[in-house]
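Working notes for the structure below.
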Amino acid sequence: MASRVPSYIRTTAKAASAIRRVPITNTAQNASSLKLRPIHIPTDNQGSLGPRPAWGAGAEVPQTVVPVVGGGGSAAEDVAGHQIPQQQPQRALDRLPNRDLLRSIAIQTAMSRPFLMDIASSLLKSNLKVITGNPVLNYLLDNIFYAQFCAGRNEAEVRQTVSGLKAMGYRGAILSYAKEVDTHHNIDQTGTPAEMEALHRKQVAQWLDGTLKTIQYSSSGDLIAIKYSGAGQGAVQLLEQGADIDPVLADALEQICVQAKQNNVRVCVDAEHYSQKKSIDAWTMDLMQRYNTDGETVIYNTYQMYLKDSPATLAMHLQRAKQEGFTLGVKLVRGAYINSDPRHVIFDTKEQTDNAFDEAAHMLATQHIEDHSAPKISLVLASHNKESTNKIRALRQDQIRHGFPLADVVYSQLMGMADELSMSITQSTSEVDEDAQVYKYVVWGSTEECVMYLLRRAEENRDAIERSTASQTALWKELRSRLAF
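Using my numbering, read the sequence shown as starting at 3 and increasing by one per residue.
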C-alpha cells in the first residue's frame, strides 16, 4: 500500500532523476501495539527522500526511497541522489600526528592477525601480571595498546589527551571510567544479607567516586558514558531481575545527574547485555523525565539497533517523551554484545541491522519537520559505518538547503579507531554547511581497570575485517603521502 508523500521540499529534476527505489526490510515486525503517526521525509511528488515506515504493530512498509551508496550517479550524487562533498582538497588524516599514525598502523596490523590477538587476549584474561611484570611486554601494552584507546590514569593525563583530540578538529570527548564489574555470569551471593548490603554500598560508592571524577575531568559541553553494572554486584542483580532501582543506587545517580548538569556535561547510559535491557531502559527514562527538561539534554539512553525490538522500544520512548514533555536523548549504535546476547533477539542479517540503524537515524533527524508536536530529541550517532554517516550528512545538507531547522545531532567514534571517518566529518568545504560535531569515545583508568575495554576493542577489530581493511588502507595511504617529499 503506497504512502502519500508530502510536498515540502522542491527538488530539481536532476536530483530526482538520480533516485533509485528499493524496498526496505520491515524492521518493526515485533513492535508493540503502540500506534504512532507515520513519519515521512519531506519531498516533492518526484521524491528526493522517500516516506518512512510507521513504527507500530502491523505497520505496512511501502516501496520506499532510501539512500543508495555505490552506484548509479556520480560521486557527488552517490547518497540518495543528493550532492555530498566531492574529493576533499585536504587529506582526511592530514591532522593525525606522526606518532599516532605509526601507532595506528602497528595496531591495525597486529589486530588483523587473529593468532597474535588470541595470544594477547589469553594473556590479558588469564594473568595480567605476566605482562605488567615483563618490561618489554609492559612497554608495548602501555605505549601502544593503552595509549591508542585510553585517555590516561589521572586528570592531567586525561585533559592532555582530550586537548590533543580537540587540536585534531574534534569537538570533544565522550569520557568513561573504565573500571567494570565482570559479574554477568557470576554474582556472589554467599554472604549474609548484612554483608551483601555493605558490599553493595561500598561498590556503589566506588562507582560514584569514579563517575564524579569523570565529570570533573571533562570540559563544559563534553559527554561522559556510564554503565549501571559498574556499580557492582548488587546493581547487576537488580538489572538481571528487571527490578526497580534501589535507594542506594538511586541516590548515586541523582548525585551524578546534578553534578553533570552543574558542569554542563551530558551523560550517556551505555547499553549492556540484553538480559539487563528492561531495567536499563526503565531507569534511564525516569532520569530523562526528571532532568531532560526545558529543552535541555542531560541524559541519553543507548539503543542497539541489531536488536529486533529496538525500533519498537524507540517508538515507545518517543511517545512517552511527547506525552510527558521532556527531551529524548538517544545514542544510536549497531550493538556491542553480539557474541553474548541470545541469537534470536538479534536481526538475522547485517543488512537488516543496517536498515534498522539507518531508518532510526533518518526518522530522528526528520520527525520534527513532519510533526511539529514531536518531542525534542538529541542524537549521538555512534557509528564507524561510512555509508550510514554519509546518508545522514546528505540528509542534513538537504535540510539546510531548503531552509528546514536541524535536529540536534552529533557524531561519535571510538578513540583509536575510524580516524579516517572522524576526520573527514570535521573537514569543512564550500559544499557542506553543517557544523558537524565529532566526539571521540575514550576511557580512562589504570591499565588493570582498562583491560576489559581493551579486550573488546581487540575482538571488535578482529571481527570487523572489512572495516579494518579500509582503515589500514587509509592509514598506509596517508603514510605514503607524508613520505613523498
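The C-beta atom is built at its ideal place from N, Cα and C for all residues, glycine as well.
Identity of the residues DSSP links to residue i by a beta bridge
| i | result |
| --- | --- |
| Trp446 | Tyr179 |
| Val382 | Lys333 and Val412 |
| Val453 | Answer is none; Val453 lacks a bridge partner. |
| Leu309 | Ile348 |
| Thr304 | Lys333 |
| Cys270 | Ala227 and Tyr302 |
| Tyr441 | Gly174 and Ser414 |
Residue i to residue j span [Cα, whole Å]
| i | j | result |
| --- | --- | --- |
| Ala384 | Ile176 | 11 Å |
| Asp288 | Glu256 | 11 Å |
| Glu480 | Lys324 | 47 Å |
| Asp296 | Phe328 | 7 Å |
| Ile217 | Phe349 | 35 Å |
| Thr45 | Thr368 | For Thr45, the predicted structure reports a pLDDT of 42, less than 50, and the residue's modelled location is therefore unreliable. A value from the coordinates is still provided. So the two alpha carbons sit approximately 11 Å from each other. |
| Ala486 | Ala460 | 32 Å |
| Met425 | Arg97 | 8 Å |
| Thr391 | Leu423 | 9 Å |
| Leu320 | Ile379 | 9 Å |
| Gln291 | Leu103 | 43 Å |
| Arg54 | Glu372 | Model confidence at Arg54 stands at a pLDDT of 39, short of 50, so the residue's coordinates are unreliable; what they give is reported in the following sentence. Going by the C-alpha atoms only, they are around 11 Å apart. |
| Lys388 | Ile394 | 10 Å |
| Gln243 | Ala472 | 42 Å |
| Thr351 | His386 | 18 Å |
| Arg336 | Met417 | 17 Å |
| Leu251 | Val269 | 16 Å |
| Ala94 | Asn100 | 14 Å |
| Asp437 | Arg398 | 10 Å |
| Tyr141 | Leu316 | 44 Å |
| Ser128 | Pro249 | 36 Å |
| Val411 | Leu330 | 12 Å |
| Cys282 | Ile258 | At residue 282 the sequence reads Ile, which differs from the Cys that was named. Whole-angstrom Cα-Cα distance: 16 Å. |
| Asp253 | Glu157 | 25 Å |
| Ser123 | Tyr148 | 14 Å |
| Tyr230 | Leu381 | 21 Å |
| Phe151 | Leu214 | 21 Å |
| Asp144 | Gly135 | 12 Å |
| Met318 | Ile121 | 44 Å |
| Lys204 | Glu159 | 27 Å |
| Arg322 | Ser483 | 52 Å |
| Trp57 | Gly405 | Below a pLDDT of 50, predicted positions are generally treated as unreliable, and Trp57, at 41, falls in that range; the measurement from the model is reported next regardless. Answer to the nearest angstrom: the Cα atoms are 27 Å apart. |
| Asn265 | Ser221 | 8 Å |
| Cys452 | Tyr413 | 24 Å |
| Ala196 | Lys280 | 28 Å |
| Ser114 | Arg458 | 14 Å |
| Ser375 | Ser470 | 42 Å |
| Gly193 | Gln235 | 12 Å |
| Thr355 | Gln162 | 37 Å |
| Gly73 | Glu353 | Summary for Gly73: the model assigns pLDDT 37, below 50, so the residue's position carries little reliability, and this model does not support an answer. |
| Ile340 | Val347 | 10 Å |
| Asn357 | Leu366 | 14 Å |
| Gln92 | Arg345 | 43 Å |
| Pro137 | Ala245 | 46 Å |
| Gly174 | Glu274 | 24 Å |
| Gly232 | Ser448 | 15 Å |
| Ala112 | Leu118 | 7 Å |
Whole-Å CB distance - residue i paired with residue j, under 8 Å assumed
| i | j | result |
| --- | --- | --- |
| Ala227 | Asp272 | 5 Å |
| Met419 | Glu182 | With a Cβ gap of about 19 Å, Met419 and Glu182 do not count as contacting. |
| Tyr302 | Val332 | 6 Å |
| Gln415 | Gln110 | That pair is no contact at about 15 Å. |
| Ile146 | Arg105 | 6 Å |
| Trp446 | Gly154 | 6 Å |
| Thr428 | Val440 | 5 Å |
| Leu139 | Glu450 | That belief does not hold up - the Cβ atoms of Leu139 and Glu450 are roughly 14 Å apart, past 8 Å. |
| Tyr276 | Asp343 | 4 Å |
| Trp209 | Ile247 | In fact, because the Cβ distance is near 14 Å, the residues do not count as touching under 8 Å. |
| Gly212 | Tyr179 | 4 Å |
| Leu456 | Leu125 | Not really, about 12 Å apart at Cβ, beyond 8 Å. |
| His370 | Pro313 | In fact, because the Cβ distance is near 19 Å, the residues do not count as touching under 8 Å. |
| Ala262 | Val300 | 6 Å |
| Gln278 | Leu241 | 4 Å |
Test: residue i CB closer than 8 Å to a CB of chain B
| i | result |
| --- | --- |
| Ala314 | This model lacks chain B altogether; it includes just one protein chain. |
Which parts of the segment 119 to 158 are runs of the alpha helix (DSSP H), unbroken and 4 residues or longer, counting only runs that do not cross its ends?
-> Whole alpha helix (DSSP H) segments, 4+ residues: 130 to 134 and 137 to 142.
Can you find at least 3 beta carbon pairs, one from the segment 349 to 363 and one from the segment 306 to 314, that sit closer than 8 Å?
-> Flag = yes, the segment 349 to 363 and the segment 306 to 314 touch.
Are there three or more Cβ pairs, one per stretch, closer than 8 Å when the segment 191 to 207 is compared with the segment 161 to 170?
-> No: fewer than three Cβ pairs fall under 8 Å.
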